[in-house]
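Protein chains in written order, with the numbering used here: chain A, 235 to 541; chain B, 111 to 470. Quick reminder that beta carbons are idealized off the backbone N, C-alpha and C, glycines included. Presented below is the structure to which this report refers.
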C-alpha cells in the first residue's frame, strides 16, 4: 500500500500525450513471441552451417597438420566406398520395409480406433499404442530383445513346442530382420496416430453415398475411403521413413553391432575414428535425403481437390 | 397383382430405438409408383431415421420394410435399388463430375459406351452438360446439388431418397430449385421420398405429406389436406401460422355448435358435432380473418385493438387483442389501402366454415 502511493504520485503529473503510438504494443509483443523461434533459427541454422563447413574440410588424423583449403573428397568417399554405400542402402532398405509394414499394420488399427462404436475398444487400442509410445525407447528395445533374442521368448517357445531342436536358433536379432521388426515397432504409434487423424477427418457420408450407389463395403473402401485417406497415408509414410532412417538406438541394440544404419556409421566416424569431416559429410547426405523426401511428400499431397 | 405391384414402398409398424430412445415409433405408410412423398417435421421427429431405415443404413428393431414387395429389413443399402441425395451432397471430391455420376453405373457394370451416354443424358437433365471434367470443388453449391441429383437418378432407382436436399441453398436458389427439381422428377417419373423441415418445400413439391413428430406419424395427406384440415394441434401449428383456441360448447344445432371463448363471446362452428359442455379446440388461419375499423356486429365477429403491425412484403401481419386473447391476422398488402395502426379499435371476423376443429 505505502509503496504504491509514491508510485502513483510519480505517474500522476505526467503531462501531455504520452500514449504509445497505436499498434506499438502489438508489434513489440509480436517480436517477443518471435524470440523463441528466432533463437531456434539462429542455433539450428548455425549448427547446420557448422556441419556443412566441416564436411568440406580436409581431414588429418589427430596430431597431424590439416591442409588448408576446401575439399569434396569426403562426399566422394561416402558415395563410392562400398562400406558407406552399404550403410546408406541398409538404412534405405530397412526404413522402407519398416514403413510398409507399419502402414499395413497401422491402417487397420487406426481404422478400428476411429470407427469402432465401442468406447472400450477405442480406449483399449489407444492405450495399447500409447503406453509403449510413452515408455523409454531403450527400455522397450531391451524388452524386445527378451522376446526376439536367441534365448528369448520366441526361440524358447519354438523349442518347447517342438518346432526346433535345442541346438537350433531362430535368428531374430543381430540381423536386418531384428532391426526391421524393431523399427516397425518404433514407428507404429506415429503411423497409427497420423492415420487416425486423417480417417477422423474423412466424411463418412461419402462412404454412405458410395453404398447407396451399389458399392459394397470392400469396393467402398478401395474406391472412396482409401483414396481420400491418401494424404494421411503419405504423411504417415514420410514420418515413418524419416524416423526409421535416423534411428540410432534400434540398430545398435537389436543389431548388436552387426547392422550399421547411417546414424550408427556417423557416430562411429565422429567418436571412434575421430574423422569429424567425414561424419559431417555423411550427416549432410542423410539430411539432403530427408529434405528431398519432405519435398516429395509436399508435392504428392498438394491439394488436388478442395478442402 | 395389379394394385399390389403399384406399391413401391411399404412400411408396416416400423420401430427403431437408439439406446432406449425411440427414434421411429410404429410407423406405417405406403408409397405408390411415381408418387412424391415428403416426410415433414421438426428436427428430432424421426424423419431422417425413417429415411435411413428405407435406405438401409439402419435396420428396424421391429416391423417390416418392403421395397417393391420384397422384405428388405436386413438388406444392405448396396443391394437395394435406391438413389439417394444427401444434405451435404456427398460428392466424391477425388472424382470428376462424370466419374461421380458414373459411379453407380460402374457398380452395376454398365458398358462404357452405354454409361457415357447415360451420364450425358443425366447431366443434360440437370442442365450441366459440358461439366463432365470438372471437379466438385470447382462447382457452386447449386451445381453440386444438380450433380448429386444426376448421380442418384442415372441408375434409374426404384425409389429416390432425398435428405434435406435444399437446406444448404440460399433462399432464392431454394425456391428456384424446388420448382426445377419437381420438373425433373416429374419428367423422370421416379418414386420419391423427400425429408425436410421446411413446410413451404413440402407444400410446393409433394403429392402427399407425412407429418411426423416425436417418432410417430401425426397426419398423412395431400398438401391441401394437411394445411386446410390439420388433424392435430401439432400439425396446425407446424404447417403455417394458426390461431388455436379452446372453447366450451354452449348450444348445438343440426349442423353447427355454438361455443363460448375463454375471453368471452361466442363462436359458431360449422360441421362439428360435440356435446354441450365439452371443450373443443379449433383453428382459424390468419389469412381467413378479415379486419374492419371500429365495432361491427355479426356471427363470429369480435371487437379488438391493434397491438402490433408488421409489413411482410406481400401482406401485413397484425396482432389484435380481443378481450385478452391475441389473434394473428394476415391481410394482403395490395388490398389494404388503409392500414391499421397500433391502438386502433377494430373488429375481427371470420366465416364459420373457416374454423377447423383439432384433435388433441
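Contacts of residue i in chain A (Cβ-Cβ under 7 Å)
{"i": "residue 276 of chain B", "result": "Those do not exist, as residue 276 of chain B stays about 17 Å from chain A at its closest Cβ, beyond 7 Å."}
{"i": "residue 167 of chain B", "result": "442"}
Span separating the alpha-carbon of residue i from that of residue j
{"i": "residue 180 of chain B", "j": "residue 189 of chain B", "result": "12 Å"}
{"i": "residue 257 of chain A", "j": "residue 202 of chain B", "result": "With a pLDDT of 48 at residue 257 of chain A, under the threshold of 50, the modelled position of that residue is not reliable, and no figure is offered here."}
{"i": "residue 354 of chain B", "j": "residue 343 of chain B", "result": "8 Å"}
{"i": "residue 406 of chain B", "j": "residue 362 of chain B", "result": "24 Å"}
{"i": "residue 208 of chain B", "j": "residue 227 of chain B", "result": "11 Å"}
{"i": "residue 157 of chain B", "j": "residue 221 of chain B", "result": "37 Å"}
{"i": "residue 185 of chain B", "j": "residue 328 of chain B", "result": "28 Å"}
{"i": "residue 100 of chain B", "j": "residue 243 of chain B", "result": "Not covered by the structure: residue 100 of chain B. The range shown for chain B is 111 to 470."}
{"i": "residue 306 of chain B", "j": "residue 272 of chain B", "result": "9 Å"}
{"i": "residue 430 of chain A", "j": "residue 199 of chain B", "result": "25 Å"}
{"i": "residue 462 of chain A", "j": "residue 204 of chain B", "result": "7 Å"}
{"i": "residue 531 of chain A", "j": "residue 470 of chain A", "result": "10 Å"}
{"i": "residue 409 of chain B", "j": "residue 192 of chain B", "result": "54 Å"}
{"i": "residue 236 of chain B", "j": "residue 248 of chain B", "result": "17 Å"}
{"i": "residue 280 of chain B", "j": "residue 426 of chain B", "result": "24 Å"}
{"i": "residue 287 of chain A", "j": "residue 258 of chain B", "result": "60 Å"}
{"i": "residue 525 of chain A", "j": "residue 306 of chain A", "result": "21 Å"}
{"i": "residue 446 of chain A", "j": "residue 438 of chain A", "result": "13 Å"}
{"i": "residue 418 of chain B", "j": "residue 398 of chain B", "result": "18 Å"}
{"i": "residue 365 of chain B", "j": "residue 341 of chain B", "result": "20 Å"}
{"i": "residue 382 of chain A", "j": "residue 368 of chain A", "result": "21 Å"}
Closer than 8 Å to chain B by CB, residue i
{"i": "residue 351 of chain A", "result": "no"}
{"i": "residue 446 of chain A", "result": "yes"}
{"i": "residue 355 of chain A", "result": "no"}
{"i": "residue 257 of chain A", "result": "Confidence is the limiting factor: at residue 257 of chain A the pLDDT is only 48, short of 50, which leaves the residue's position unreliable and the question unanswerable from this model."}
{"i": "residue 462 of chain A", "result": "yes"}
{"i": "residue 458 of chain A", "result": "yes"}
Cβ-Cβ separation, residue j to residue i (assumed contact under 8 Å), whole Å
{"i": "residue 134 of chain B", "j": "residue 161 of chain B", "result": "Not confirmed; about 10 Å, so no contact."}
{"i": "residue 426 of chain A", "j": "residue 340 of chain A", "result": "5 Å"}
{"i": "residue 318 of chain B", "j": "residue 147 of chain B", "result": "5 Å"}
{"i": "residue 386 of chain B", "j": "residue 356 of chain B", "result": "So it is not a contact: roughly 16 Å between Cβ atoms."}
{"i": "residue 460 of chain B", "j": "residue 400 of chain B", "result": "7 Å"}
{"i": "residue 328 of chain A", "j": "residue 407 of chain A", "result": "In fact, because the Cβ distance is near 14 Å, the residues do not count as touching under 8 Å."}
{"i": "residue 275 of chain B", "j": "residue 255 of chain B", "result": "7 Å"}
{"i": "residue 119 of chain B", "j": "residue 322 of chain B", "result": "With 8 Å as the limit, residue 119 of chain B and residue 322 of chain B do not qualify as a contact, their Cβ atoms being about 16 Å apart."}
{"i": "residue 304 of chain B", "j": "residue 197 of chain B", "result": "That belief does not hold up - the Cβ atoms of residue 304 of chain B and residue 197 of chain B are roughly 12 Å apart, past 8 Å."}
{"i": "residue 261 of chain B", "j": "residue 211 of chain B", "result": "5 Å"}
{"i": "residue 418 of chain A", "j": "residue 514 of chain A", "result": "About 30 Å separates the two Cβ atoms, so there is no contact after all."}
{"i": "residue 516 of chain A", "j": "residue 498 of chain A", "result": "No, residue 516 of chain A and residue 498 of chain A are not in contact; Cβ-Cβ is about 11 Å, not under 8 Å."}
{"i": "residue 125 of chain B", "j": "residue 169 of chain B", "result": "That belief does not hold up - the Cβ atoms of residue 125 of chain B and residue 169 of chain B are roughly 11 Å apart, past 8 Å."}
{"i": "residue 465 of chain A", "j": "residue 443 of chain A", "result": "With 8 Å as the limit, residue 465 of chain A and residue 443 of chain A do not qualify as a contact, their Cβ atoms being about 20 Å apart."}
{"i": "residue 432 of chain B", "j": "residue 412 of chain B", "result": "5 Å"}
Chain A contact for residue i (CB, 8 Å cutoff)
{"i": "residue 252 of chain B", "result": "no"}
{"i": "residue 241 of chain B", "result": "no"}
{"i": "residue 268 of chain B", "result": "no"}
{"i": "residue 128 of chain B", "result": "no"}
{"i": "residue 192 of chain B", "result": "yes"}
{"i": "residue 182 of chain B", "result": "no"}
{"i": "residue 307 of chain B", "result": "no"}
{"i": "residue 295 of chain B", "result": "no"}
{"i": "residue 131 of chain B", "result": "no"}
{"i": "residue 214 of chain B", "result": "yes"}
Interface residues of chain B facing residue i [CB-CB closer than 8 Å]
{"i": "residue 426 of chain A", "result": "Near residue 426 of chain A there are no residues of chain B at all, since even the closest Cβ is about 23 Å away, more than 8 Å."}
Reduced DSSP secondary structure (H/G/I, E/B, other) of residue i
{"i": "residue 472 of chain A", "result": "helix"}
{"i": "residue 451 of chain A", "result": "helix"}
{"i": "residue 213 of chain B", "result": "helix"}
{"i": "residue 271 of chain B", "result": "strand"}
{"i": "residue 506 of chain A", "result": "coil"}
{"i": "residue 358 of chain B", "result": "strand"}
{"i": "residue 143 of chain B", "result": "coil"}
{"i": "residue 301 of chain A", "result": "coil"}
{"i": "residue 288 of chain A", "result": "helix"}
Within chain B, partners of residue i - CB distance below 7 Å
{"i": "residue 449 of chain A", "result": "188 and 217"}
Chain-ordered neighbours of residue i on chain A, where CB pairs are closer than 8 Å
{"i": "residue 200 of chain B", "result": "437, 439, 440, 442 and 443"}
{"i": "residue 432 of chain B", "result": "Within chain A, no residue comes near residue 432 of chain B; the closest Cβ sits about 50 Å away, beyond 8 Å."}
{"i": "residue 265 of chain B", "result": "447 and 448"}
{"i": "residue 196 of chain B", "result": "439, 442 and 443"}
Item to check | Contacting positions in the region 492-524 of chain A - beta carbon closer than 7 Å to chain E | outcome: The structure shown contains no chain E; its protein chains are A and B.
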